[in-house]
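A quick write-up on the structure given underneath.
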Amino acid sequence: MLHLVLGGARSGKTRYALKCVQQEPPPWYYLATAQPLDAEMQHRIALHQQERGEQWRHLEVPFHLAATLQENLLGPLVVDCMTMWLTNMMLQGYDVAAEKRHVLHALERAGKRQHVVVVSNEVGLGIVPENALARRFRDEAGLLNQELAQIADHVVLIAAGLPLVLK
Amino acid sequence: MLHLVLGGARSGKTRYALKCVQQEPPPWYYLATAQPLDAEMQHRIALHQQERGEQWRHLEVPFHLAATLQENLLGPLVVDCMTMWLTNMMLQGYDVAAEKRHVLHALERAGKRQHVVVVSNEVGLGIVPENALARRFRDEAGLLNQELAQIADHVVLIAAGLPLVLK
Amino acid sequence: MLHLVLGGARSGKTRYALKCVQQEPPPWYYLATAQPLDAEMQHRIALHQQERGEQWRHLEVPFHLAATLQENLLGPLVVDCMTMWLTNMMLQGYDVAAEKRHVLHALERAGKRQHVVVVSNEVGLGIVPENALARRFRDEAGLLNQELAQIADHVVLIAAGLPLVLK
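Taken in sequence, the protein lines are chains S, B and A.
Convert by adding 670 to the 1-based position in the first sequence; the result is the number in the working numbering.
Convert by adding 670 to the 1-based position in the second sequence; the result is the number in the working numbering.
Convert by adding 670 to the 1-based position in the third sequence; the result is the number in the working numbering.
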């Protein structure tokens, strides 16, 4: 089962995703796409790890998400989050279209074997950014969310920790 | 029938709007408010035209939307989008309040004769912009969306290509 | 009864909140957290006061919201809005965590005696702000909205003046 959890910054989407997989017995896998590049990031990642417990197996996949998903991890898993993975792809000059195809295919296959909850940021509901790279990122993230929603069995939009069911 | 389709950037709102009118037999009218002022815009407009087919009649109405709506076009139509029209009005120094009155009246009348699907961007869910013009635009766009929602028979908010029914 | 009304800029959330308490007999209390610091703000506040009538008792509580809520005001009340109160706290260097605890406790107690409608902005659905203070504010506002939603009996997200029920 593939479950897409969309939401804004600090909307409670990760907490919601964790709760979803914790309905099943552990171990649970947490696939983190963030890279601890600066102090602000390190702080956020450390806070998130603290919130989770020891029954979680933590994997860092800033780039090789598709390959990790193909490794047949035995247990439900959370991918947090797709917009950070997209950022990594764009900043490192990867072929975004090709990488996206691999990841979407890997997510679809994983969702057929196990419970997969994918977290992604909704970033397109503010004013048009002045920065061209931010505009390109906003477009890519919006398209990626549409493609994720197409292959997902369930889609929710989280606001203030509460879900609105989209699919 | 007047149908308002709200959504963020790259949320799939245009695709949703096109599908709505394609439930009915062609020809379908596509009223584009975008002006191909720079390469980024031209690219977006060309992509959108490519996605649609030959059964669509394409009209460019960056300014004279109300007049075009009064021309009694025979068939269902999509107006894409109101926030771009508002941008054109503001940047060219039109009397926004007066122009809005004309357009809202024309949309309401058109919606009584035929199926009209109006697309508009939701732009108020990010942080307050530092730029005063962006703040004014955000306010005007929010008010316009409220006024459109008041006269619309149906209103949806699109996220990741999927609709949340508001009315 | 504690009712949380979330929404973007100019989404119609204040109008919706006012309508909620006007279901009950007057007097109604309007607790404004905005400070008229510049012309743009003064204009917004004046417009809002004009829209309301004489049956509203107007209190300005940019800082002492918790204390005012404990004063046992007799009648339904609107608090507009929590993100502005949070801005005031952050800009004046208050201990945000401590002040938040007081306010959440006061709102929860007030909601047990009377009808309280709390308005708050959703600000996390745009692109990541470049400004570090804006990022911190976005995080704090997101967390505050989650905490408000936890103690609220009802939560709605407003778009174009129309509610989506979250709780």
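Beta carbons: idealized from backbone N, C-alpha and C, even for Gly.
For Glu741/S, there are no C-beta contacts with chain A under 8 angstroms, since the nearest C-beta of that chain is about 31 angstroms from it. Bounds of any beta strand (DSSP E) do not take in Glu721/B; it lies within the alpha helix (DSSP H) bounded by Ala709 to Glu721.
In terms of Cβ geometry, Val787/S and His713/S do not form a close pair [threshold 8 angstroms]. In the DSSP assignment, Asn758/S falls outside any beta strand (DSSP E) and lies within the alpha helix (DSSP H) extending over Met752 to Leu761. Comparing alpha carbon positions, the residue from Asp750/B, Phe733/B, Leu795/B and Gln693/B closest to Ile828/A is Leu795/B.
Proximity of Val793/S to chain A, defined by a Cβ-Cβ separation below 8 angstroms, is satisfied.
Exposed is the label assigned to Pro695/B, since fewer than 16 other Cβ atoms lie within 10 Å of its Cβ.
At a cut-off of 8 angstroms between beta carbons, Ala776/S makes no contact with chain A. Interface annotation for the segment 682-711 of chain S against chain A: Gly682, Arg685 and Glu710, criterion Cβ-Cβ distance under 9 angstroms. The segment 749-758 of chain A and the segment 687-706 of chain A touch, with three or more beta-carbon pairs separated by less than 8 angstroms. The segment 734-754 of chain B makes contact with the segment 772-783 of chain B, as at least three CB pairs between them are under 8 angstroms.
Burial of Pro746/B is indicated by the presence of at least 16 other C-beta atoms within 10 angstroms of its C-beta.
Close to Val825/B, with beta-carbon spacing below 7 angstroms, are these residues of chain A in chain order: Ala830 and Leu832. Neighbourhood of Ile797/S in chain A, by CB distance below 8 angstroms: Gly796, in chain order. Contacts with chain A (Cβ-Cβ distance below 7 angstroms) from the segment 805-817 of chain B involve Arg808, Asp809, Gly812, Leu813, Asn815 and Gln816, listed in chain order. Within the same chain, Leu672, Leu774, Leu777, Glu778 and Gly781 come within 8 angstroms of Ile821/S by CB-CB distance, once the 5 residues on both sides are set aside. DSSP places Asn815/S outside any beta strand (DSSP E); the residue lies instead in the alpha helix (DSSP H), whose first and last residues are Ala802 to Ile821. Counting C-beta atoms within 10 angstroms of its own C-beta, Pro697/S has fewer than 16 neighbours from the protein chains shown and is therefore classed as exposed.
Not a single C-beta of chain S is nearer than 8 angstroms to the C-beta of Arg722/B.
In the three-state scheme derived from DSSP, where H, G and I count as helix and E and B as strand, Ala776/B is classed as helix. In the structure shown, Glu730/B falls within a strand segment according to DSSP collapsed to helix, strand and coil. A straight line joining the alpha-carbon of Pro799/B with that of Glu810/A spans about 17 angstroms.
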